[in-house]
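When we follow this note's numbering, the leftmost residue of the sequence shown carries the number 632, and every step to the right adds one.
Glycine included, C-beta positions come from ideal geometry on N, C-alpha and C.
As the structure is a computational prediction, the values presented were derived from the model and not from experiment.
Before any comments, here is the structure.
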Amino acid sequence: MAGKTSGLLADTPEPDEDPYVPEGSVEEVINTLSGVLDAVFRPWVADRFSLEWLEVTDDRLGMTRFDEGSNELVRRRKLRLDPGPITIGLHPALLQDQALYKHTFVHELLHASGLTIHSKQHDKLVSQIAPAPSLKESPLLQRMRDAVLGNQTVQSWTCGHCGFEWKRRTVRKPRRCVKCARPL
(Lines of atoms letter the chains of each structure in order from A and count residues from 1; the text may use other names and numbers.)
(Lines give C-alpha, C1' and ligand atoms only; values in the text may rest on other atoms or scores of the structure.)
Protein backbone atom coordinates (compact mmCIF):
# COMPACT_ATOMS: atom_id res chain seq x y z
CA MET A 1 0.00 0.00 0.00
CA ALA A 2 1.63 3.23 -1.11
CA GLY A 3 1.52 6.39 0.96
CA LYS A 4 1.07 9.97 -0.11
CA THR A 5 3.91 11.24 -2.22
CA SER A 6 4.60 14.90 -2.75
CA GLY A 7 8.33 14.57 -2.30
CA LEU A 8 8.91 16.66 0.86
CA LEU A 9 11.57 14.17 1.92
CA ALA A 10 12.32 12.67 -1.51
CA ASP A 11 15.94 13.87 -1.46
CA THR A 12 16.67 11.52 1.45
CA PRO A 13 19.28 8.91 0.49
CA GLU A 14 18.36 5.23 0.64
CA PRO A 15 19.67 3.81 3.94
CA ASP A 16 22.33 1.10 3.97
CA GLU A 17 21.24 -0.21 7.35
CA ASP A 18 17.99 -1.72 8.61
CA PRO A 19 15.74 0.30 10.92
CA TYR A 20 16.52 -0.23 14.59
CA VAL A 21 14.53 -0.35 17.80
CA PRO A 22 15.58 2.51 20.13
CA GLU A 23 17.12 1.05 23.26
CA GLY A 24 14.61 0.43 26.05
CA SER A 25 11.66 1.81 24.08
CA VAL A 26 9.67 -1.41 23.80
CA GLU A 27 9.94 -2.17 27.52
CA GLU A 28 9.06 1.41 28.42
CA VAL A 29 5.97 1.36 26.19
CA ILE A 30 4.81 -1.98 27.59
CA ASN A 31 5.33 -0.84 31.19
CA THR A 32 3.56 2.47 30.56
CA LEU A 33 0.59 0.69 28.96
CA SER A 34 0.00 -1.42 32.06
CA GLY A 35 -3.59 -0.70 33.05
CA VAL A 36 -4.54 1.03 29.78
CA LEU A 37 -7.69 -0.81 28.70
CA ASP A 38 -7.52 0.22 25.04
CA ALA A 39 -4.07 -1.37 24.62
CA VAL A 40 -5.60 -4.76 23.82
CA PHE A 41 -2.56 -6.05 21.92
CA ARG A 42 -0.05 -5.16 24.67
CA PRO A 43 0.67 -8.80 25.67
CA TRP A 44 1.78 -9.70 22.13
CA VAL A 45 3.16 -6.51 20.61
CA ALA A 46 6.81 -7.02 21.62
CA ASP A 47 6.97 -10.33 19.74
CA ARG A 48 4.72 -9.51 16.79
CA PHE A 49 6.09 -6.31 15.23
CA SER A 50 8.74 -5.96 12.57
CA LEU A 51 10.41 -2.81 11.23
CA GLU A 52 10.87 -1.70 7.65
CA TRP A 53 11.79 1.49 5.82
CA LEU A 54 9.13 3.46 4.00
CA GLU A 55 9.89 4.66 0.48
CA VAL A 56 11.88 7.91 0.46
CA THR A 57 9.11 9.51 -1.63
CA ASP A 58 6.56 8.84 1.14
CA ASP A 59 5.48 11.93 3.09
CA ARG A 60 4.68 10.00 6.27
CA LEU A 61 7.31 9.72 8.97
CA GLY A 62 5.82 6.44 10.15
CA MET A 63 3.00 3.98 9.66
CA THR A 64 1.64 0.88 11.36
CA ARG A 65 0.10 -1.94 9.33
CA PHE A 66 -1.66 -4.98 10.74
CA ASP A 67 -1.23 -7.86 8.30
CA GLU A 68 -4.72 -9.19 9.08
CA GLY A 69 -7.68 -7.57 7.31
CA SER A 70 -9.71 -4.83 8.96
CA ASN A 71 -12.66 -7.13 9.80
CA GLU A 72 -10.35 -9.68 11.39
CA LEU A 73 -8.57 -6.91 13.30
CA VAL A 74 -11.88 -5.62 14.72
CA ARG A 75 -12.76 -9.18 15.77
CA ARG A 76 -9.39 -9.68 17.46
CA ARG A 77 -9.68 -6.33 19.27
CA LYS A 78 -13.13 -7.22 20.64
CA LEU A 79 -12.03 -10.69 21.74
CA ARG A 80 -8.62 -9.45 22.93
CA LEU A 81 -6.76 -11.99 20.78
CA ASP A 82 -3.27 -12.01 19.28
CA PRO A 83 -3.19 -9.33 16.53
CA GLY A 84 -1.00 -11.36 14.18
CA PRO A 85 2.00 -9.90 12.39
CA ILE A 86 2.39 -6.10 12.62
CA THR A 87 4.64 -4.01 10.40
CA ILE A 88 5.95 -0.63 11.52
CA GLY A 89 7.35 1.48 8.71
CA LEU A 90 9.67 4.40 9.41
CA HIS A 91 10.93 7.03 6.98
CA PRO A 92 14.70 6.88 6.29
CA ALA A 93 14.96 10.64 6.93
CA LEU A 94 14.46 9.88 10.63
CA LEU A 95 18.08 8.69 10.77
CA GLN A 96 19.03 12.40 10.73
CA ASP A 97 17.18 13.08 14.00
CA GLN A 98 17.44 10.53 16.82
CA ALA A 99 14.86 12.23 19.09
CA LEU A 100 12.27 12.34 16.30
CA TYR A 101 13.13 8.73 15.36
CA LYS A 102 12.37 7.56 18.91
CA HIS A 103 9.22 9.71 19.11
CA THR A 104 7.92 8.30 15.82
CA PHE A 105 8.80 4.72 16.78
CA VAL A 106 6.98 5.03 20.13
CA HIS A 107 3.99 6.66 18.38
CA GLU A 108 3.73 3.73 15.96
CA LEU A 109 4.33 1.11 18.67
CA LEU A 110 1.39 2.55 20.63
CA HIS A 111 -0.75 2.09 17.51
CA ALA A 112 0.51 -1.49 17.27
CA SER A 113 -0.47 -2.02 20.93
CA GLY A 114 -4.09 -1.29 20.10
CA LEU A 115 -4.32 2.49 20.51
CA THR A 116 -5.17 2.86 16.83
CA ILE A 117 -6.86 6.26 17.09
CA HIS A 118 -5.06 9.57 17.62
CA SER A 119 -6.69 10.46 20.93
CA LYS A 120 -5.70 12.64 23.87
CA GLN A 121 -4.65 9.48 25.69
CA HIS A 122 -2.43 8.44 22.77
CA ASP A 123 -0.83 11.91 22.62
CA LYS A 124 -0.28 11.95 26.38
CA LEU A 125 1.40 8.54 26.35
CA VAL A 126 3.69 9.43 23.43
CA SER A 127 4.70 12.69 25.14
CA GLN A 128 5.33 10.85 28.40
CA ILE A 129 7.53 8.13 26.86
CA ALA A 130 9.31 10.00 24.04
CA PRO A 131 8.48 13.71 23.76
CA ALA A 132 8.71 15.22 20.30
CA PRO A 133 11.67 17.51 19.75
CA SER A 134 10.85 21.17 19.29
CA LEU A 135 11.18 22.74 15.86
CA LYS A 136 14.26 24.56 17.15
CA GLU A 137 15.93 21.26 18.17
CA SER A 138 15.03 19.22 15.10
CA PRO A 139 16.82 19.78 11.78
CA LEU A 140 14.43 17.33 10.08
CA LEU A 141 11.33 19.24 11.21
CA GLN A 142 12.97 22.49 10.07
CA ARG A 143 13.69 20.94 6.68
CA MET A 144 10.08 19.78 6.36
CA ARG A 145 8.75 23.20 7.36
CA ASP A 146 11.00 24.91 4.80
CA ALA A 147 9.82 22.51 2.09
CA VAL A 148 6.17 23.22 2.92
CA LEU A 149 6.71 26.99 3.04
CA GLY A 150 8.63 26.93 -0.23
CA ASN A 151 5.60 25.43 -1.97
CA GLN A 152 3.17 28.05 -0.62
CA THR A 153 1.92 30.85 -2.86
CA VAL A 154 1.87 33.38 0.00
CA GLN A 155 5.50 34.16 0.92
CA SER A 156 4.82 37.19 3.15
CA TRP A 157 2.09 38.66 5.33
CA THR A 158 0.86 42.26 5.14
CA CYS A 159 -1.09 44.03 7.88
CA GLY A 160 -4.20 45.77 6.57
CA HIS A 161 -4.07 48.34 9.40
CA CYS A 162 -0.48 49.57 9.55
CA GLY A 163 0.80 48.22 6.21
CA PHE A 164 3.72 46.35 7.80
CA GLU A 165 4.93 43.38 5.74
CA TRP A 166 6.98 40.46 7.06
CA LYS A 167 8.36 37.24 5.60
CA ARG A 168 6.39 34.07 6.18
CA ARG A 169 8.10 31.71 8.65
CA THR A 170 5.13 29.65 9.83
CA VAL A 171 2.75 27.28 8.06
CA ARG A 172 -0.31 28.84 9.73
CA LYS A 173 -1.55 32.33 9.08
CA PRO A 174 -0.76 34.61 12.04
CA ARG A 175 -3.71 35.96 14.01
CA ARG A 176 -2.20 39.38 14.69
CA CYS A 177 0.24 41.80 13.14
CA VAL A 178 3.71 41.45 14.65
CA LYS A 179 4.11 45.24 14.71
CA CYS A 180 0.75 46.77 15.73
CA ALA A 181 -0.82 43.60 17.26
CA ARG A 182 -4.18 44.16 15.55
CA PRO A 183 -6.03 41.11 14.23
CA LEU A 184 -5.36 40.31 10.58
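Taking 8 Å as the upper bound for CB-CB distance, Pro716 and Trp684 are not in contact here, some 17 Å apart.
Residue state for Phe680 is assigned as strand, using DSSP reduced to three classes.
Under the 8 Å Cβ criterion, the stretch 687 to 695 counts as touching the stretch 720 to 727, having at least three qualifying pairs.
Within its own chain, no residue has a Cβ closer than 6 Å to the Cβ of Ser758 once the five positions on either side in sequence are excluded. Annotation for Arg711: no alpha helix (DSSP H) segment contains it, and DSSP assigns it neither H nor E.
Straight through space, the alpha carbons of Ala730 and Ser744 are spaced by roughly 21 Å.
Nearest to Leu771 by C-alpha distance, out of Gly655, Leu704, Ala670, Tyr732, is Tyr732.
About 4 Å separates the beta carbon of Thr643 from that of Ala724, a gap short enough to meet the 8 Å contact definition. Pairing Glu659 with Ile760 gives a Cβ-Cβ distance under 7 Å.
Within the same chain, Cβ atoms closer than 6 Å to the Cβ of Glu699 are found at Gly715, the five residues on either side in sequence being excluded. By a beta-carbon distance limit of 8 Å, Phe736 contacts Pro653. Their separation comes to about 6 Å. DSSP lists Ser787 as the beta-bridge partner residues of Lys798. Across the set Asn782, Leu756, Leu682, Pro805, the C-alpha of Leu756 shows the shortest separation from the C-alpha of Asn662. Only residues of its own chain outside the window of five on either side were considered, and among them Val657, Ile661 have a CB closer than 7 Å to the CB of Ala677, listed in chain order. In this structure, the alpha-carbon of Trp797 lies about 9 Å from that of Cys808. Just measuring C-alpha positions, the residue of Val802, Phe795, Glu703 sitting nearest Arg813 is Phe795. Taking Leu815 as the centre and dropping the five residues before and after it, the same chain places the C-beta of Trp788, Cys790, Gly791, Lys804, Pro805, Arg806, Arg807, Cys808 closer than 8 Å to its C-beta, in chain order.
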